[in-house]
Amino acid sequence: MTAYSTFESLIVGLVVLACALGAFRRMMPKTHARLKQRAGDWMARGGHPAWMQSVGHRWAARKVDAGGCGSGCGTCDNCGTSSDAATMPSARVDPAATVRPVKLVKRESL
Numbered sequence: 000m001t002a003y004s005t006f007e008s009l010i011v012g013l014v015v016l017a018c019a020l021g022a023f024r025r026m027m028p029k030t031h032a033r034l035k036q037r038a039g040d041w042m043a044r045g046g047h048p049a050w051m052q053s054v055g056h057r058w059a060a061r062k063v064d065a066g067g068c069g070s071g072c073g074t075c076d077n078c079g080t081s082s083d084a085a086t087m088p089s090a091r092v093d094p095a096a097t098v099r100p101v102k103l104v105k106r107e108s109l
């Protein structure tokens, strides 16, 4: 095994790991936030280097609530009240607007 193939395998592994972490963050945002807060609490404790404590304070600063129907948090994840979400403009179509049907045209063969 050459040094190039080892380096290439390492880079491919890091790219796959980064993509998996990105997918985890996007698909499970509340779990990601809870894990990030726990890691931040652990890093912010005494006995760790100063840079680690500063990262820990930054990660642990955001408190994760349980969400759900009674929490008052809107579905858009901006932590406004659910009444704020009801007043936001929506992309609904006006029923009085004219709707034109889509016409499909078969193209002639060349």
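Under numbering that gives the first Met the number 0, the sequence shown has 33 at position 34, and the numbering climbs by one with no breaks.
Think of the CB as a built atom: it goes at the ideal place given N, C-alpha and C, for glycine as much as any other residue.
Every value quoted in this text rests on a predicted model; they were computed, and no experiment measured them.
Per-residue DSSP class, three states only, for residue i
i: residue 99; result: coil
i: residue 47; result: coil
i: residue 0; result: coil
i: residue 24; result: helix
i: residue 29; result: helix
i: residue 7; result: helix
i: residue 114; result: Since the first residue shown for the chain is 0 and the last is 109, residue 114 is missing from the structure and cannot be characterised.
i: residue 38; result: helix
i: residue 59; result: helix
Neighbourhood of residue i by C-beta, 7 Å cutoff - its chain only, sequence neighbours within 5 removed
i: residue 24; result: 31
i: residue 51; result: 42
i: residue 37; result: none
Rounded C-alpha distance that separates residue i from residue j
i: residue 11; j: residue 0; result: 16 Å
i: residue 60; j: residue 44; result: 13 Å
i: residue 3; j: residue 49; result: 36 Å
Classification of residue i by the beta-carbon crowding that lies within 10 angstroms, buried from 16 upward
i: residue 110; result: Because the chain here runs from 0 to 109, residue 110 falls outside it and cannot be looked at.
i: residue 58; result: buried
i: residue 46; result: exposed
Sequence-distant residues of the same chain with beta carbon closer than 8 Å to residue i, five excluded per side
i: residue 17; result: none
Residues near residue i by beta carbon distance below 6 Å, same chain, minus five either side
i: residue 35; result: 58
Cβ separation of residue i and residue j, assumed to be a contact under 8 Å, to the nearest whole Å
i: residue 55; j: residue 39; result: 5 Å
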